[in-house]
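Asks:
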Amino acid sequence: DDDRQPAIQMWDLRNCTYPFKETAGHSKGILGVAWSTQDPNLIMSCGKDNRLICWSNAEGKMDPFCEISSHATNFEVKWAPHKPSIISTASFSGSVSLHSVQQQQNAGTKYCPRWYKKPCGVSFGFGGKMMSFGVKKAAAALATDAAKTPIASYCHSLVVPNEPEVVPSADMFESWIGERKLRDYCHEKTRRSNNEHENLMWELMGTQFEDTGRSRVPILLGFDKDHIVKEAEHFLGKQPGTTLMGPPPEEKESQQHAPAQPSANLGPELDLTQAESFFDELTSTTEQKKREENEREQKKLMEQALGMTSTGSKDGDKAATDWSAGPEAIIKQSILVGNLPVAVECCFQSGRMAEALLLASGGGTTLWTRARDEFLRLQADSFLSTVGNIMTNDFEKLVGSSNLANWKETLAIIATYSGEQYQILCEQLAERLQTEKFDPRSALICHICARNFPKTVSIWAQTGFASKGSQKLALQDLVEKMTVMQEATKFNQPDPLFNAKVTQYAEILANSGRLTAAMRYLCLLQHDASSAILRDRIYNSAPMQMSKLFGGRPTFPFETTDVRIAYVPPAPQQQQQQYGGAGVGVHPGMPKAPGMGPSPGMPNQGVMPPNAPGGMAPRPAYPGAAMPPTP
1 DDDRQPAIQM WDLRNCTYPF KETAGHSKGI LGVAWSTQDP NLIMSCGKDN RLICWSNAEG
61 KMDPFCEISS HATNFEVKWA PHKPSIISTA SFSGSVSLHS VQQQQNAGTK YCPRWYKKPC
121 GVSFGFGGKM MSFGVKKAAA ALATDAAKTP IASYCHSLVV PNEPEVVPSA DMFESWIGER
181 KLRDYCHEKT RRSNNEHENL MWELMGTQFE DTGRSRVPIL LGFDKDHIVK EAEHFLGKQP
241 GTTLMGPPPE EKESQQHAPA QPSANLGPEL DLTQAESFFD ELTSTTEQKK REENEREQKK
301 LMEQALGMTS TGSKDGDKAA TDWSAGPEAI IKQSILVGNL PVAVECCFQS GRMAEALLLA
361 SGGGTTLWTR ARDEFLRLQA DSFLSTVGNI MTNDFEKLVG SSNLANWKET LAIIATYSGE
421 QYQILCEQLA ERLQTEKFDP RSALICHICA RNFPKTVSIW AQTGFASKGS QKLALQDLVE
481 KMTVMQEATK FNQPDPLFNA KVTQYAEILA NSGRLTAAMR YLCLLQHDAS SAILRDRIYN
541 SAPMQMSKLF GGRPTFPFET TDVRIAYVPP APQQQQQQYG GAGVGVHPGM PKAPGMGPSP
601 GMPNQGVMPP NAPGGMAPRP AYPGAAMPPT P
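Residue 36 in full-length UniProt numbering sits at position 36 of the sequence shown, with consecutive numbering throughout.
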């Protein structure tokens, strides 16, 4: 604290003969010195000259690091134990002050405090990337003097997904898309799913990629053609179709090989060989007929012996029907005169439905159609009404009046018979299921069959999130379904819900390091401005790779504006004479600025005061012209 020689001395206790380092900077005696515990190269001193000086000992000599001004004489200084740049001082005035060396650094200093040196660190970037740095352990162990020996460090670039749970499924789906095997992907999802509704949904979406996929719809709904044929065969006891075939197979074959018999008048004469063949075939035909008659006679006798014979037996015996009286006579007589419409109407009136249809089948298309419609009208069976709608091609009535509890049967019918009206009818059935039965899951199946992409996506968005444990996984499942459906239907119209979900999922993929997959999803969107910023960020993260895979640069999402500094000239200052004297004029009521006077070389100007005698308006005084006296 000597005012004549204020200096800081550093001593080595192993050699106390003289100080090994000494520095001077204060003009008066030094009252306090503190060594930083965070950085041993920094020393803070305070003296009688009201100065606080921080010294740096990094280069082997004491250099001023910074100086902090103080208005009081400080006799003690200390570093904060947990805030490396904060110091506290105690003054003779009885106050304690806090100061920061970060705000008072010397501009010419080259030393960086040690607390700025981070042993390790990490920084996250776009695309799930992470940069980490640190000191190598081996180099840190060998380094004994950090100030002189450079310490080896490392810097690593890593990819850390923000949502690791979606990455495996996203990578797998990306491989399916790359190989363009979405139909196989639907079958894979069906194999892995245990939910009946999910299985049906994925199977129907798989049929959208097939040219004949519509024919498989009844099978997927549970109506297997082969299984139905087996049940019919079990019921009939024989192969279905054999009871409606004409002659037996051997007789049919003989008829195919036999030549046509010529007429007596128009046919050509037969030679000897043909004549012999003709009589041989005639003889064999006659013998065949005799055998059939004998078999029928024996069968009839056997049935009579067993008591199975009745008036309606299978051999066509109609002896119990009297066609000579009542409505039967009218029917008979109408047939005899060729009036089949009257005969058909009489058959309906008498309850002979089968006879009416039999007679109508020989009366032309008009009569057959009228008889068919009348038969269907008289029936009270709902299924026969459905059959009638099928036969009359009135599928709109069929769908509008069908039982919604059996919607799968209705969907199978229109898939089998409706033709070009199929998609429209599927939409009609789906609307009924949603509005009348409040069954969106069943309506979803109909929308898929109708290839209605917007309504399918809407139902998925409403019902999909409740079936998944995580919102991210639910979003991933939804986007995968929408992608498959869009590829199947070739939907290319803007859809706000589809755009929003795909953009949200693409952002998750981008932040998980799957930039290519994210860009591929964004390319599915049409005329979408909400994802323009994300497209631009993904493209600029890897421009060469993105341009190679997806073409040119996307549209720049921001508007370029040329911002320039507008020059505003200063407002001109006018000089005015004061009332009754020279000098710069001032506004009434404002004091005159001190030191302001008339500019040299400028003429004086003045105005008449507003309360001049005579009420005359003030007039300016021009140089060189005297003001006339006021009368």
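Every residue, glycine too, gets a C-beta built ideally from N, C-alpha and C.
Remember, predicted model here, so these are calculated numbers, not experimental data.
1) Thinking C-beta only, is C426 closer than 8 Å to L204?
2) Using the Cβ count rule (16 or more neighbours within 10 Å means buried), how would you classify P84?
3) Which word fits I228, buried or exposed, when buried means at least 16 other C-beta atoms lie within 10 angstroms of its C-beta?
4) Any chance the stretch 53–61 sits against the stretch 94–114, with 3 or more Cβ pairs inside 8 Å?
5) Buried or exposed for A626, going by 16 or more other Cβ atoms inside 10 Å?
6) Between which two residues does the alpha helix (DSSP H) holding P494 run?
7) Taking DSSP as the reference, what is the three-state secondary structure of G32?
8) Starting from C54, follow its DSSP beta bridges and name the residues at the other end.
9) How is L158 classed by DSSP in three states: helix, strand or coil?
10) Secondary structure at R4, three-state DSSP: helix, strand or coil?
11) Excluding sequence positions up to five away, which residues of its chain have a Cβ less than 8 Å from the Cβ of H156?
12) Going by DSSP, what residues sit across from M10 in a beta bridge?
13) Does the count of Cβ pairs from the stretch 194–204 and the stretch 170–179 closer than 8 Å reach three?
14) For the candidate residues C16, I30, P19 and R114, whose alpha-carbon lies nearest to that of N41?
15) According to DSSP, is C347 part of a helix, a strand, or is it coil?
16) With distances taken from CA atoms, which of W11, G25 and Y18 is nearest N4?
17) Helix, strand or coil, according to DSSP, for C120 in the structure here?
18) Can you tell me whether G597 is buried or exposed, with buried defined as 16 or more other CB within 10 angstroms of its CB?
19) Indicate, with yes or no, if the ligand PLP has a heavy atom lying under 7 Å from the CB of E59.
20) Where does the unbroken alpha helix (DSSP H) through L378 begin, and where does it stop?
21) From P164 to K490, what does the alpha carbon distance come to, in whole angstroms?
22) Helix, strand or coil, according to DSSP, for N15 in the structure here?
23) Pick out whichever of E67, I8, D2 and S27 has its Cα sitting closest to the Cα of P19.
24) State buried or exposed for H447, treating a residue as buried only when at least 16 other CB atoms are found within 10 Å of its CB.
25) Which residue wins for smallest C-alpha separation from M482, given the options N393, L182 and G552?
26) Roughly how far, in whole angstroms, is the beta-carbon of E559 from the beta-carbon of L534, given that I think they are within contact range, below 8 Å?
27) So, with DSSP's three-state summary, where would you put G338?
28) What does the alpha-carbon distance come out to for the pair I331 and S215?
29) Using 8 Å as the threshold, is the stretch 63–70 in touch with the stretch 27–40, meaning 3 or more CB pairs across them?
30) Cα separation between Y116 and D39?
31) Report the rounded CA-to-CA distance for R191 versus W202, giving the unit in angstroms.
32) Use the C-beta contact count for L549: other C-beta atoms within 10 angstroms, 16 or more gives buried, fewer gives exposed.
33) In whole angstroms, what is the alpha-carbon distance linking D373 and V387?
34) Going by DSSP, what residue range makes up the alpha helix (DSSP H) through I459?
35) Excluding sequence positions up to five away, which residues of its chain have a Cβ less than 6 Å from the Cβ of M44?
Replies: According to the structure data:
1) No, they are not a contact pair.
2) By the neighbour-count rule (16 or more Cβ atoms within 10 Å), P84 is buried.
3) Around the beta carbon of I228, a 10 Å sphere encloses fewer than 16 other beta carbons of the protein chains shown; the residue is thus reported as exposed.
4) In short, these stretches touch, since the Cβ pair count reaches three.
5) Because A626 sits at a pLDDT of 44, beneath the cut-off of 50, its placement in the model cannot be relied upon, and the point is left open.
6) Element bounds for P494: n/a, residue is neither H nor E.
7) Here G32 sits in strand by DSSP.
8) Residue pairing by DSSP places C54 opposite M44 and C66 in a beta bridge.
9) DSSP places L158 in strand when its eight states are reduced to three.
10) Correct three-state label for R4: coil.
11) Taken in chain order, the residues that qualify are M131, S132 and F133.
12) Beta-bridge pairing links M10 to K21.
13) Verdict: no, contact absent.
14) If you compare the alpha carbons of C16, I30, P19 and R114 with that of N41, the shortest gap goes to R114.
15) Helix.
16) For clarity, residue 4 is Arg in the given sequence; the question names Asn instead. Looking at W11, G25 and Y18, the one whose alpha-carbon comes closest to that of R4 is G25.
17) Strand at C120.
18) Residue placement at G597 cannot be trusted, given a pLDDT of 45 that sits under 50; what the coordinates show is reported in the next sentence. Answer is exposed; the Cβ neighbour count stays below 16.
19) The model depicted lacks the ligand PLP and carries no ligand whatsoever.
20) It spans T365 to L378 - the alpha helix (DSSP H) in which L378 sits, taken as one unbroken run.
21) Near 31 Å, if we compare the C-alpha coordinates of K490 and P164.
22) Three-state result, N15: strand.
23) Nearest option by C-alpha distance: I8.
24) Its Cβ being crowded by 16 or more others within 10 Å, H447 is buried.
25) For M482, the nearest C-alpha among the options comes from L182.
26) Wrong, their Cβ atoms sit about 18 Å apart, outside the cutoff.
27) DSSP places G338 in coil when its eight states are reduced to three.
28) Looking at the two C-alpha atoms, the distance is approximately 45 Å.
29) No: the two stretches stay apart, fewer than three of their Cβ pairs being nearer than 8 Å.
30) Taking the straight line from one Cα to the other gives about 10 Å.
31) Near 10 Å, if we compare the C-alpha coordinates of W202 and R191.
32) Exposed: under 16 other Cβ atoms inside 10 Å.
33) So the alpha carbons of these two residues sit roughly 11 Å apart.
34) From DSSP, the alpha helix (DSSP H) with I459 extends over F453 to T463.
35) Here the set comprises A34, C54, V77 and I87.
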